[in-house]
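When we follow the working numbering, the leftmost residue of the sequence shown carries the number 31, and every step to the right adds one.
Idealized CB from N, CA, C, for every residue including glycine.
Please read the structure below before turning to the comments.
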Amino acid sequence: MEAAVKQFRKRNAILACLQGTTSHPSAEMVYEMLQKEHPDISLATVYRNLARFKSQGLVSSVATVRGVERFDAMTHPHAHFICCGCDAVMDLPRMEIPESLSQEAESISGCRVQDCHLTFTGLCEKCASK
Numbered sequence: 031m032e033a034a035v036k037q038f039r040k041r042n043a044i045l046a047c048l049q050g051t052t053s054h055p056s057a058e059m060v061y062e063m064l065q066k067e068h069p070d071i072s073l074a075t076v077y078r079n080l081a082r083f084k085s086q087g088l089v090s091s092v093a094t095v096r097g098v099e100r101f102d103a104m105t106h107p108h109a110h111f112i113c114c115g116c117d118a119v120m121d122l123p124r125m126e127i128p129e130s131l132s133q134e135a136e137s138i139s140g141c142r143v144q145d146c147h148l149t150f151t152g153l154c155e156k157c158a159s160k
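Structure below.
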């Protein structure tokens, strides 16, 4: 019983960590953020729970930045910006993804679009000013 409580506590901590940040962390970043409060958490536990949350629709995989998958707890459609300089991943919440984009993709491909992810890449303000 105690093992189940610990597992549930870790699972909640992982989800809360993602919900409490806008940095779009990787599994490794989540693991590092939780180490102080949960020293017994393993990287495997973080990966396993992130996969579970993805399958449940609680988090989404935003992008793979330099070979590392990044996650977001904000699952409603919104655009992102990825900095090629510092690898920051930022939300562009006020930028609407037009439904016409999916409709056009369906028209061109003959396929049925289920989801759309809009990602811009470039240099963030800080990297651009260097």
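If you draw a straight line from the alpha carbon of residue i to that of residue j, how long is it in whole angstroms?
i: Ser90; j: Ser159; result: 31 Å
i: Arg78; j: Glu99; result: 14 Å
i: His54; j: Arg124; result: 17 Å
i: Ile112; j: Cys154; result: 8 Å
i: Ala135; j: Leu73; result: 38 Å
i: Pro128; j: Ser85; result: 25 Å
i: Leu64; j: Thr94; result: 22 Å
i: Ala103; j: Gln49; result: 5 Å
From the options, pick the residue whose C-alpha is nearest to that of residue i; which is it?
i: Thr105; options: Gly87, Ala57 and Arg142; result: Gly87
i: Ala109; options: Cys146, Ile71, Gly115 and Cys116; result: Cys146
i: Asp70; options: Thr51, Ser56, Arg41 and Val95; result: Arg41
i: Asp117; options: Thr151, Glu126 and Ser132; result: Thr151
i: Lys66; options: Ile44, Ile138, Gly140 and Val119; result: Ile44
i: Thr149; options: Cys141, His68 and Val119; result: Val119
Give the DSSP bridge partners of residue i, in chain order.
i: Ala103; result: Note: Ala103 sits in no beta bridge, so no partner.
i: Ala109; result: Leu122
i: Gly152; result: Cys113
Under 9 Å between the Cβ atoms of residue i and residue j?
i: Thr75; j: Asp121; result: no
Starting from the N-terminal side, write out each stretch of the beta strand (DSSP E) that is 3 residues or longer and does not extend beyond the stretch 31 to 99. 90 to 95
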